[in-house]
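In this note's numbering, the protein residues as written are 3 to 292.
Glycine residues also receive a C-beta, built at the ideal position from the N, C-alpha and C atoms.
Input: a single structure, listed below in structure tokens.
Below, the structure is given as structure tokens:
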């Protein structure tokens, strides 16, 4: 009966922490946590594709804007050029038909001045048009073509890499020994790889998840640690490391701001494993929260 009550109590505590850990592994979370190595790679690929898409859209917008300006300027220049030609023809006719007429000569002089001004404007517009053309060339040189974009997406969607040959060829017991050795040397990132390999081989899943949680705990990545502690407890809640698991879960909860759940785990450690060193440590941490 006492065992049943204890297990029920532990399950209740794990459920009480649900708001903090239930989102583990959710790639749609703005700040995902509790990801496996494969999920992390998928997330990185997703983010890289999104960055390329954003850059591609920005380039498209720039090209469209510049193209519109170029079309508008081209139309203006063509219109001005036509007007200048018409003025020149009109001046020629007036000059021929009104030789000796001072008033007409003055009018013709004004028209010639205006024509000269229009010619200068056309020259300036042509210069601007050339500058814009250089801008377009620059954008096009950095433009990600549809073919290049498709190739990138295809590359990012290639099958996920397998574990290193060293870990994949090792038997579970050797993996476990190597993982613990790396952990004891405080090489937590390397140890993580071997514990993940143990989980893939379905060897001592509960224990491997606990130690995987410890690798994150030691690096102060408390959200990730919580997710693996929870997974470990779901497979075996009577393991010898349970006092540490409960204590560290409580501390990780405290560090992530979930003080209520932290207190619950500290109390569970004290109640269930009263004679352990973890219980003494939990008592000290709990007293600081009151």
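Checklist line | Straight-line gap, residue 247 to residue 49 (C-alpha atoms, nearest Å) | finding: It is roughly 33 Å from the alpha-carbon of residue 247 to the alpha-carbon of residue 49.
Notebook entry, point to check: Does the beta-carbon of residue 234 have 16 or more other beta-carbons within 10 angstroms, so that it is buried, or is it exposed?
Noted result: By the neighbour-count rule (16 or more Cβ atoms within 10 Å), residue 234 is buried.
Next item on the list: Would you mind giving the Cβ-Cβ distance between residue 253 and residue 287, rounded to the nearest angstrom? I have them listed as a contact below 8 Å.
Entry: Sure, about 7 Å apart at Cβ, within 8 Å.
Check: With DSSP run on the structure shown, which of helix, strand or coil describes residue 268?
Finding: Helix, per DSSP.
Next item on the list: For residue 77, count neighbouring C-beta atoms within 10 Å of its own C-beta (all shown protein chains included) and say buried if the count is 16 or more, exposed if not.
Entry: Taking all protein chains shown into account, residue 77 has fewer than 16 neighbouring C-beta atoms within 10 Å of its C-beta and is therefore exposed.
Next item on the list: Put residue 258 into one of helix, strand or coil per three-state DSSP.
Entry: It is coil, neither helix nor strand.
Next item on the list: State the start and end residues of the unbroken alpha helix (DSSP H) segment that holds residue 222.
Entry: Counting along the chain, residue 222 falls outside any alpha helix (DSSP H), and DSSP gives it neither H nor E.
Notebook entry, point to check: Just how far apart, CA to CA, sit residue 197 and residue 189?
Noted result: Rounded to whole angstroms, residue 197 to residue 189 spans 12 Å at the Cα level.
Item checked: Range of the contiguous alpha helix (DSSP H) that encloses residue 277 -> Where residue 277 is concerned, there is no enclosing alpha helix (DSSP H), given that its DSSP letter is neither H nor E.
Note to self: So for residue 9, helix, strand or coil by DSSP?
What the structure shows: Annotation note: pLDDT 42 at residue 9 (below 50); position unreliable, coordinate value reported separately. Correct three-state label for residue 9: helix.
Next item on the list: List the whole-angstrom C-beta distance separating residue 265 from residue 291, where the pair is believed to meet the contact cut-off of C-beta under 8 Å.
Entry: Confirmed, about 6 Å.
Next item on the list: Using three-state DSSP, classify residue 171 as helix, strand or coil.
Entry: Of the three classes helix, strand and coil, the one that applies to residue 171 here is coil, per DSSP.
Notebook entry, point to check: Whole-angstrom Cβ separation of residue 272 and residue 255, contact assumed at under 8 Å?
Noted result: The beta-carbon separation of residue 272 and residue 255, rounded to 15 Å, does not stay under the 8 Å limit for a contact.
Check: Start and end of the alpha helix (DSSP H) containing residue 191?
Finding: Here the alpha helix (DSSP H) through residue 191 covers 190 to 202.
Next item on the list: Would you decide whether residue 126 is buried or exposed? Buried here means 16 or more other CB atoms lie within 10 Å of its CB.
Entry: Only exposed fits residue 126, as fewer than 16 other CB atoms lie within 10 angstroms of its CB.
Check: From residue 217 to residue 284, what does the alpha carbon distance come to, in whole angstroms?
Finding: One alpha carbon belongs to residue 217, the other to residue 284, and they sit about 20 Å apart.
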